[in-house]
Ligand SMILES: Cc1cc2nc3c(=O)[nH]c(=O)nc-3n(C[C@H](O)[C@H](O)[C@H](O)COP(=O)(O)O)c2cc1C
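Residue numbers (UniProt numbering): 1 to 253.
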């Protein structure tokens with residue numbers, strides 16, 4: 001199973017076995033994370049694995065989720081740092097899925113301290129679980145493709161596959177705040193304005209945008225299409241009543 005396959009079968013798990021994971025696997029996770037490229041080189045991040053099994057570190061998880069391990073992303077504050085956090089953590093979450101680990105994103109990082117000028121942004125609770133960490137793609141609760149995409153022209157099979165991968169992206173409260181316009185080998189990503197009215201929700205949806213960008217990029221790679229993330233000046237200048245423009249994935253053959 002690779003990251004692309006994991007996109008279609010992963011589900012959040014909130015019940016864990018409080019037992020250790022082999023040190024080698026923990027090292028591999030950290031190694032994988034450290035080799036990921038940020039959306040923007042200037043966005044510096046750090047990672048930490050909080051171990052509640054062997055080290056009994058102070059970390060309370062949440063009322064509902066008690067996991068053996070927490071993977072925390074810390075970031076310097078900068079433009080799009082939340083989106084970048086979502087982008088990186090989605091890759092890491094999918095990597096954990098390929099290794100048979102149960103995962104759940106957790107928005108609350110309130111109890112985690114700053115780390116040498118880096119803010120804790122988001123964490124993944126992870127570990128072994130008795131619950132099923134996979135599900136059939138058809139059982140996933142997501143909007144249909146035609147509810148989140150506008151097709152300005154007929155798209156090829158590869159682009160359809162990329163959009164299918166994007167559609168599966170997890171989001172805070174499963175809100176799926178994204179809308180996509182597909183035109184001329186470009187996938188333009190928007191965020192629904194009504195869901196970003198509140199500051200807290202705005203932050204979460206910026207993270208969600210990074211998560212769907214990760215799925216788009218993983219999808220493009222799987223289809224052997226070179227892709228480039230960019231902002232279209234044309235679209236930036238336009239005003240949209242219901243949606244806010246986020247970014248464009250340009251696909252090249
Ligand atoms: C940014 C973000 C924050 C999340 N925070 C929480 C959380 O605090 N607690 C929780 O139980 N689930 C949390 N989730 C998990 C979502 O509720 C879950 O991904 C969504 O309902 C879709 O379900 P699935 O992951 O099983 O496909 C979060 C997800 C994201 C993307």
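Glycine is no exception: its CB is placed at the ideal position from the N, C-alpha and C atoms.
Worksheet item: For residue 98, which residues of its own chain have a beta-carbon under 7 Å away from its beta-carbon, when the five flanking residues on both sides are left out?
Response: Mapped onto the chain shown, residue 98 falls at position 98. These residues qualify, in order along the chain: 1, 2, 3, 6.
Worksheet item: From this set, 39, 33, 118, 117, which residue's C-alpha is nearest residue 231's C-alpha?
Response: On the chain shown, residue 231 is found 231 positions in, with the first residue counted as 1. Considering only alpha carbons, the answer is 39.
Worksheet item: Comparing the CB of residue 171 with every heavy atom of ligand 2, is any distance shorter than 8 Å?
Response: By its list of ligands, the structure shown excludes ligand 2, since it contains just ligand 1.
Discussion item. Suppose the cutoff is 7 Å on Cβ atoms and the five residues either side in sequence are ignored; what does the same chain contact list for residue 65 look like?
Written reply: The residue you call residue 65 lines up with position 65 of the chain shown. These residues qualify, in order along the chain: 14, 104, 106, 125.
Worksheet item: If you run the structure through DSSP and keep just helix, strand and coil, what is residue 104?
Response: One-based indexing of the chain shown puts residue 104 at position 104. If DSSP states are grouped into helix, strand and coil, residue 104 belongs with the strands.
Practice prompt. Under 6 Å Cβ to Cβ from residue 32, same chain only, skipping five residues before and after it: list those, please.
Written response: Within the chain shown, residue 32 is the residue found at index 32, counting from 1. Cβ within range, chain order: 95.
Item to complete: Would you check whether ligand 1 has a heavy atom nearer than 8 Å to the C-beta of residue 191?
Response: Indexing the chain shown from 1 puts residue 191 at position 191. Checking every heavy atom of ligand 1 against the Cβ of residue 191, none is found closer than 8 Å.
Worksheet item: My guess is that residue 159 and residue 140 are in contact by the Cβ rule of under 8 Å, so how many angstroms apart are they, rounded?
Response: Translated into positions along the chain shown, residue 159 becomes position 159. Translated into positions along the chain shown, residue 140 becomes position 140. With 8 Å as the limit, residue 159 and residue 140 do not qualify as a contact, their Cβ atoms being about 20 Å apart.
Discussion item. Quick check on this structure: which residue in 193, 155, 85 has the alpha carbon closest to the alpha carbon of residue 185?
Written reply: As a working note, residue 185 is residue 185 in the chain shown. That would be 155, whose Cα lies nearest to the Cα of residue 185.
Worksheet entry | Beta-carbon proximity of residue 214 to residue 86, cut-off 9 Å | In the chain shown, residue 214 corresponds to position 214, counting from 1. In the chain shown, residue 86 corresponds to position 86, counting from 1. Closer than 9 Å, so yes.
Worksheet item: Sorry if obvious, but does the Cβ on residue 65 come closer than 8 Å to a heavy atom of ligand 1?
Response: Residue mapping note: residue 65 aligns to position 65 of the chain shown, counting from 1. Yes, ligand 1 has a heavy atom inside 8 Å of this Cβ.
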